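Comments concern the structure below.
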Amino acid sequence: MLQFITAILTSLSAGAIYALMSTALVLVWRSTRVINFAQAGQAVLTTYIGYEVTVRTGSYWYGLIAAIITGALIGATIDRFFMRPIFKRIKSGPIVMIAPVVATLGLLGIIQAIIGFIWGLSYQTLAAPVSTDGYKISGTVIAFSPFNLMVLLSVTITMVLLTVLFQKTNIGLALRASAYSPEIAKLSGIKVDAVRTLGWAIAGAAGGLAGMLYIPNSYLYPNGMDVLLVFGFISAVIGGLDSLFGAVAGAMILGFAINFVATYISYKLVFPTAFVILILVLLVKPGGLFSSSKGRKD
Amino acid sequence: MSLVVENLTIDHGAIRAIDNVSFTVPTGQLAAVIGANGAGKTTLLRTLSGLKESKSGSATWNGKSILGARPEDLARSGIMHVSDGKSVIAELTVKENLALAGLWRKDKKDVAAVTSEVVDLFPVLGQRMSQASGSLSGGERQMLAIGRTLIARPKLLLLDEPSLGLAPLIIEQIFQTIKSLVAKMNLTVVLVEQNAMGALKIADEGIVLNLGSVVAVDSAQTLLNDPAVRAAYLGF
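Protein chains in written order, with our numbering: chain A, 11 to 308; chain B, 2 to 237.
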């Protein structure tokens with residue numbers, strides 16, 4: 011019973027982290043039709059900055075704020091000075107599909123190289139602001155700590171805030187309209203380019219938060235979030251790539267599947283499980299389980 | 002004060018879609034651009050609203066060049082374009098679709114005022130405010146698309162085939178609404194239509210396009226009575 015409850019709790023906190031990454035990927039995909047492979051690099055770079063601020067100020071919280079803000083700035087910068095010029099130059103032909111993929115993969119490599127250059131390739135540890143020792147229930151220590159609880163709460167609050175932003179504010183309406191139909195949005199007077207950059211900024215901030223919540227349970231190194239990129243991507247595909255709700259639901263499905271397999275069968279099966287789910291979804295419902303849109307109409 | 006198009010040439014890939022086209026639409030007038038499928042009507046409108054680049058020539062609105070400007074900037078300066086017949090965002094509600102054209106406007110009081118004007122004009126939209134636009138009928142979508150442009154208090158309205166796919170009775174209703182808007186909302190309208198008869202009946206003047214070239218510009222009444230135009234475009 012205790013094992014079962016622990017599996018549920020760890021699934022939730024793991025799913026929460028995947029949800030941040032998949033949300034970031036979906037935000038960029040919706041606004042720009044780009045799978046942003048650089049997301050892993052952006053997130054780990056902002057986590058290094060958060061780590062640096064944490065070390066210098068002695069406060070994880072300052073580090074967290076720094077990671078979120080620089081995450082947003084880096085995301086906006088990449089869109090404004092990298093993706094937008096690429097899309098301006100390439101308008102038709104197969105290269106439209108390929109160029110952004112190659113561009114974000116290249117960017118991932120560049121960012122990770124820069125990190126290696128500045129901070130070196132060794133593993134760093136980032137101390138969590140609250141205990142990472144598991145709670146003790148009737149004498150048994152479970153694999154769920156106060157920090158895991160903090161992760162779960164932070165992500166829940168973030169998702170509620172994002173939902174309010176998207177559903178209840180004018181900026182959110184502009185973000186949704188620009189994602190569903192850039193052409194109609196433009197013809198209605200919305201500055202779609204600027205709105206896209208904002209989408210990249212929010213995605214970057216989510217990546218920064220993901221890093222600061224993930225790394226204390228792991229290690230900080232240039233490739234430290236590559237696994238999260240893969241899990242975030244699988245979550246996003248399960249959810250239909252287009253839907254924020256789907257991104258979170260997909261992340262939870264993945265979180266539960268992975269953690270239950272790890273708890274009851276073997277942790278060695280974590281990766282195969284993730285990919286089996288991905289392939290099953292692609293075979294059975296390639297549009298994802300929760301797609302909100304029937305494709306973009308422009 | 003007018004829309005002046007001079008020697009406008011537009012390429013669509015390797016094809017010349019619009020070839021050396023000139024016409025003038027004085028403010029407060031409704032001009033119908035008619036012609037068969039492939040005459041270049043849609044390309045012309047998309048260029049005037051900034052969605053497409055032109056090859057050469059000029060287009061000015063009240064003396065200011067509009068070619069090469071971004072669609073969102075043109076929209077904000079009062080040039081609104083309703084693209085091909087289903088220009089609503091299906092995933093958004095009716096209310097949200099209407100709100101889009103008022104998001105950037107500073108005068109929120111006027112946005113509210115004009116929104117209720119639009120609802121008075123199209124009462125069916127008022128009944129469906131919180132419904133997803135995807136659930137609307139073709140005619141209702143067209144009303145929503147036109148209604149949305151009005152929220153921005155446009156000066157020049159570019160309408161692309163508002164009759165496309167609609168039942169005859171609804172077409173008549175939409176055309177009459179468009180005609181009434183010209184005076185009511187102080188508009189200048191360029192109406193692109195394959196339904197040449199319906200369009201010419203409400204228009205002040207007509208521009209006949211054929212394979213990218215202007216073949217006739219005259220008052221709508223004269224065109225309606227012109228045997229050659231009747232034979233080629235009105236079908237009788």
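No residue lacks a Cβ here, since even glycine has one placed at the ideal position from N, Cα and C. For clarity, every value in this text was computed on a predicted model and none was experimentally measured.
TODO: Determine which residues of the segment 135–164 of chain B have a Cβ less than 7 Å from any Cβ of chain A, and write them out in chain order.
DONE: Arg149, Ala153
Task: Ranges of the beta strand (DSSP E) found wholly within the segment 13–46 of chain B, counting only runs of at least 3 - done: 16–27, 31–35
TODO: Spatial neighbours of Val218 of chain B within its chain, please: CB distance less than 8 Å, with the 5 preceding and 5 following residues excluded, ordered by chain position.
DONE: Counted from its first residue, the second sequence places residue 218 of chain B at position 217. Cβ neighbours of Val218 of chain B beyond the five flanking positions: Phe24, Glu206, Gly207, Ile208, Val209.
Task: Glu54 of chain B versus B:Ile35, B:His13, B:Ala33, residue with shortest Cα-Cα distance - done: Taking the second sequence and counting its residues from 1, the one referred to as residue 54 of chain B is at position 53. Among B:Ile35, B:His13, B:Ala33, the Cα nearest to that of Glu54 of chain B belongs to B:His13.
- [ ] Please compile the residues from chain B whose C-beta is within a distance smaller than 8 Å of the C-beta of Leu183 of chain A.
- [x] Residue 183 of chain A sits at position 173 when you count from the first residue of the first sequence. Leu93, Glu97, Ala100, Leu101, Leu104, listed in chain order.
Task: Below-8 Å beta-carbon distance, His13 of chain B vs any chain A residue - done: Within the second sequence, numbered from 1, the residue matching residue 13 of chain B stands at position 12. No, His13 of chain B does not count as interfacial toward chain A.
Open item on the list: Just to confirm, is the Cβ distance from Val291 of chain A to Val258 of chain A under 8 Å?
Closed with: The residue given as residue 291 of chain A occupies position 281 in the first sequence. The residue given as residue 258 of chain A occupies position 248 in the first sequence. No, these two residues do not count as a Cβ contact at 8 Å.
Open item on the list: Relative to the C-alpha of Leu225 of chain B, which candidate in B:Ile203, B:Leu212, B:Leu182 has its C-alpha closest?
Closed with: What you label residue 225 of chain B is simply residue 224 of the second sequence in a count that begins at 1. Ranking B:Ile203, B:Leu212, B:Leu182 by Cα distance to Leu225 of chain B puts B:Ile203 first.
TODO: Report yes or no: is there a C-beta of chain A within less than 8 Å of the C-beta of Ala76 of chain B?
DONE: Indexing the second sequence from 1 puts residue 76 of chain B at position 75. Yes, Ala76 of chain B lies at the interface with chain A (some Cβ there is under 8 Å from its Cβ).
Task: Those residues which DSSP pairs with Thr189 of chain B across a bridge - done: Translated into the one-based positions of the second sequence, residue 189 of chain B becomes position 188. Bridge partners of Thr189 of chain B: B:Leu157.
Open item on the list: Strictly below 7 Å CB to CB, what residues from chain A border Ile90 of chain B?
Closed with: The residue given as residue 90 of chain B occupies position 89 in the second sequence. Simply Ala187, Tyr190, Ser191, Ile194.
- [ ] Determine which residues share a DSSP beta bridge with Gly135 of chain B and list them.
- [x] Position 134 of the second sequence, counted from the first residue, corresponds to residue 135 of chain B. Bridge partners of Gly135 of chain B: none, in fact.
- [ ] Please report how far the alpha carbon of Gln177 of chain B lies from the alpha carbon of Glu141 of chain B, in whole angstroms.
- [x] Locating residue 177 of chain B in the second sequence gives position 176, counting from the first residue. Locating residue 141 of chain B in the second sequence gives position 140, counting from the first residue. Taking the straight line from one Cα to the other gives about 15 Å.
Task: chain A within 8 Å of Leu52 of chain B, Cβ atoms only - done: One-based indexing of the second sequence puts residue 52 of chain B at position 51. Interface residue, yes.
Open item on the list: Among B:Pro72, B:Tyr234, B:Trp62, B:Thr28, whose alpha-carbon lies nearest the alpha-carbon of Gly199 of chain A?
Closed with: The sequence position of residue 199 of chain A within the first sequence is 189, counting from 1. Nearest of B:Pro72, B:Tyr234, B:Trp62, B:Thr28 to Gly199 of chain A, Cα basis: B:Pro72.
TODO: Using alpha carbons as the reference points, say which of B:Ala168, B:Val190, B:Ala100, B:Ala184 lies closest to Ser131 of chain B.
DONE: Indexing the second sequence from 1 puts residue 131 of chain B at position 130. Out of B:Ala168, B:Val190, B:Ala100, B:Ala184, B:Ala100 has the C-alpha closest to the C-alpha of Ser131 of chain B.
Open item on the list: Let me make sure I understand the geometry here. Which of B:Ala232, B:Asp227, B:Leu188 has the alpha-carbon closest to that of Gln30 of chain B?
Closed with: For this step, residue 30 of chain B is matched to residue 29 along the second sequence. Comparing Cα positions, the closest option is B:Leu188.
Task: Cβ separation of Gln52 of chain A and Gly297 of chain A, assumed to be a contact under 8 Å, to the nearest whole Å - done: Sequence index remark: in the first sequence, residue 52 of chain A carries index 42 (1-based). Sequence index remark: in the first sequence, residue 297 of chain A carries index 287 (1-based). Between Gly297 of chain A and Gln52 of chain A the Cβ distance is about 27 Å, and since that is not below 8 Å, they are no contact.
Task: Cβ-Cβ separation, Ser138 of chain B to Ala91 of chain B (assumed contact under 8 Å), whole Å - done: Counting from 1 along the second sequence, the entry for residue 91 of chain B is found at position 90. Counting from 1 along the second sequence, the entry for residue 138 of chain B is found at position 137. About 13 Å; that fails the 8 Å criterion.
- [ ] Let me know the secondary structure DSSP gives Lys178 of chain A once reduced to three states.
- [x] Residue 178 of chain A sits at position 168 when you count from the first residue of the first sequence. In this structure, Lys178 of chain A counts as helix in the three-state DSSP scheme.
- [ ] Go ahead and label Tyr274 of chain A buried or exposed: buried means 16 or more other beta carbons lie within 10 angstroms of its beta carbon, across all protein chains shown.
- [x] Here the question's residue 274 of chain A lines up with position 264 in the first sequence. Exposed is the call here.
TODO: Return the CA-CA distance between Pro169 of chain B and Lys109 of chain B, expressed in angstroms with no decimal places.
DONE: Translated into positions along the second sequence, residue 169 of chain B becomes position 168. Translated into positions along the second sequence, residue 109 of chain B becomes position 108. So the two alpha carbons sit approximately 37 Å from each other.
Task: Pair within 8 Å by beta-carbon distance, Leu162 of chain A and Ala34 of chain A - done: Position 152 of the first sequence, counting from 1, holds the residue named residue 162 of chain A. Position 24 of the first sequence, counting from 1, holds the residue named residue 34 of chain A. No; because the gap between Cβ atoms is not below 8 Å, this pair is not in contact.
Open item on the list: I'd like the list of long-range same chain contacts for Ala37 of chain B, defined as Cβ closer than 8 Å, with 5 residues on each side in sequence excluded.
Closed with: In the second sequence, counting from the first residue as 1, residue 37 of chain B sits at position 36. So the list reads Gln195, Asn211, Tyr234, once near-sequence residues are dropped.
Task: Same chain, Cβ closer than 6 Å to Val119 of chain B, five either side skipped, listed in chain order - done: The residue you call residue 119 of chain B lines up with position 118 of the second sequence. Excluding positions up to five away in sequence, the list reads Gly148, Leu151.
Open item on the list: Based on DSSP bridge pairs, tell me the residues matched to Leu4 of chain B.
Closed with: Locating residue 4 of chain B in the second sequence gives position 3, where the first residue counts as 1. Answer is B:Val26, B:Trp62.
Open item on the list: Rounded to the nearest angstrom, what separates Trp353 of chain A and Thr223 of chain B at their Cα positions?
Closed with: The structure shown does not extend to residue 353 of chain A, since chain A spans only 11 to 308, so no value can be given for it.
Task: Cβ neighbour criterion (16 or more within 10 Å) applied to Leu52 of chain B - done: On the second sequence, residue 52 of chain B is found 51 positions in, with the first residue counted as 1. The residue in question, Leu52 of chain B, is buried, as its Cβ has 16 or more Cβ neighbours within 10 Å.
Open item on the list: Quick test of your reading: Ile147 of chain A and Val54 of chain A, contact by CB under 8 Å. State the CB separation rounded to the nearest angstrom.
Closed with: Within the first sequence, numbered from 1, the residue matching residue 147 of chain A stands at position 137. Within the first sequence, numbered from 1, the residue matching residue 54 of chain A stands at position 44. Not a contact, Cβ separation roughly 34 Å.
Task: Of the listed residues A:Thr16, A:Ala272, A:Phe243, A:Ser276, nearest to Ile289 of chain A (C-alpha basis) - done: If you number the first sequence from 1, residue 289 of chain A lands on position 279. When each option's Cα is compared against that of Ile289 of chain A, the closest is A:Phe243.
- [ ] Give the single residue among A:Trp129, A:Lys178, A:Pro104 whose Cα lies nearest to the Cα of Lys104 of chain B.
- [x] Position 103 of the second sequence holds residue 104 of chain B. Per the sequence presented here, residue 104 of chain B reads as Leu, with Lys not at that position. Of the listed residues, the one whose Cα sits closest to Leu104 of chain B is A:Lys178.
Task: chain A within 8 Å of Val81 of chain B, Cβ atoms only - done: On the second sequence, position 80 is the one that residue 81 of chain B refers to. It should be noted that the sequence gives Met, not Val, for residue 81 of chain B. Yes, its Cβ sits closer than 8 Å to a Cβ of chain A.
TODO: Check whether the Cβ atoms of Ser164 of chain B and Ile179 of chain B lie closer than 8 Å to each other.
DONE: What you label residue 164 of chain B is simply residue 163 of the second sequence in a count that begins at 1. What you label residue 179 of chain B is simply residue 178 of the second sequence in a count that begins at 1. No, Cβ-Cβ distance for Ser164 of chain B and Ile179 of chain B is not below 8 Å.
- [ ] Grab me the residues of Val89 of chain B's own chain with a C-beta within less than 6 Å of its C-beta, minus the 5 sequence neighbours each way, in chain order.
- [x] The count along the second sequence starts at 1 and reaches residue 89 of chain B at position 88. So the list reads Asn98, Ser134, Arg142, Leu145, Ala146, once near-sequence residues are dropped.
- [ ] Could you tell me the distance, in whole angstroms, from the CA atom of Asp89 of chain A to the CA atom of Ser78 of chain B?
- [x] Indexing the first sequence from 1 puts residue 89 of chain A at position 79. Indexing the second sequence from 1 puts residue 78 of chain B at position 77. Using only the alpha carbons, I get a separation of about 27 Å.
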